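The opening residue of the sequence shown carries number 0 in numbering that gives the first Met the number 0; numbering runs sequentially from there.
From the three backbone atoms N, C-alpha and C, an ideal C-beta is built for every residue, glycine too.
Values in this document were obtained by computation on a predicted structure and should not be read as measured data.
Read the structure below first, then the notes.
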Amino acid sequence: MGKQRRPGGGRKKSKSKYSAEKNLAKQMEAAVLLYKDNMTLQAIADGLSLNPIKVRKLLITAGVYESDTAKLVQQTFNNFRNTQNYKIAVTSTMSALQLSRPSVTSYLPYEKGVYFPEDADAENISTGAERQRHYRAVTALKKNPCEENLWKCVVAFRGYKFKTLSGLPFTYKLKKGRGDEFTKELWIDRRESSKSLAWSSVMRAYQNIGKVGEVVDRPKALGDIRGVSYIYGVFYRFGLIDVPKKVKEKMTK
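Right, here's the structure in full:
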């Protein structure tokens with residue numbers, strides 16, 4: 000008599016689609032970090048054992064690679080995409096720009112895998128994709144510190160676990176109002192209670208920053224503002240301020 004079949008045995012389940020997305024997200028994250036160090040596409044490709052064209056596509060998906068050709072291809076494709084499905088829009092772009100299909104698609108972001116709308120909830124995307132969302136938002140804010148980019152950072156980091164000066168963890172949520180858009184009010188989740196933080200309070204603290212990246216020794220230095228202890232932790236993570244070494248140890252461990 001042969002061996003009795005073990006319950007749940009047999010053929011192993013194939014890898015899920017999410018696993019493929021997660022793997023692609025990791026590749027994108029690694030490519031972005033190397034690109035940030037001013038490495039060439041070929042050098043990044045050699046380091047990650049990838050094709051340079053795939054590296055470029057990963058960087059385009061992450062929103063950190065720009066070129067005149069990429070901009071032209073994407074604008075042309077997006078115009079066609081308004082009325083055509085993906086495949087036909089690619090064909091139309093090929094004809095309009097006299098490019099091959101591989102050339103067109105190489106300048107387009109991934110439709111699946113690592114690209115997600117900015118308002119997608121964190122639980123619906125991979126960890127790698129969430130990190131890239133944070134990276135893009137912080138990079139844009141550092142490049143152009145303004146209220147619009149600060150708000151985009153706030154949207155990107157909803158649900159992220161921040162820490163106060165004393166090391167206490169907290170998160171915040173955003174609610175949607177009319178038009179399915181986020182209302183400008185942060186709902187701080189600490190322990191068993193939640194409290195609201197008005198956008199006007201965040202902006203008051205933001206306007207009190209002397210210089211982006213300089214050390215702010217305590218929350219009150221940003222102003223006598225309700226909820227400033229939370230704003231302090233958020234601003235540190237966004238790279239708007241630095242904190243003393245002893246404080247940094249509590250906020251990062």
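L173 sits away from R217, with the two beta carbons spaced by 8 Å or more. Secondary structure of E110 (DSSP, three-state): coil. Taking 8 Å as the cut-off, the beta carbon of A204 is found closer than this to the beta carbon of L221. Taken atom to atom, the span from the alpha-carbon of N81 to that of D179 is near 22 Å. The region 78-98 makes no contact with the region 22-30; the number of CB pairs closer than 8 Å stays below 3.
Put simply, of N207, L167 and G212 the residue whose alpha carbon is nearest the alpha carbon of K252 is L167.
Every alpha helix (DSSP H) stretch that sits fully inside the region 64-89 and reaches 4 residues is listed by chain position as 67-80. Note: P168 is bridge-paired with K162 in the DSSP secondary-structure output. For A197, DSSP records a beta bridge to E184. Under the three-state reduction of DSSP, K210 is assigned to coil, being neither helix nor strand. Sorting K219, R236, R189 and I187 by C-alpha distance to the C-alpha of V211 places R236 at the top. Between L98 and A42, the alpha-carbon positions lie close to 26 Å from each other.
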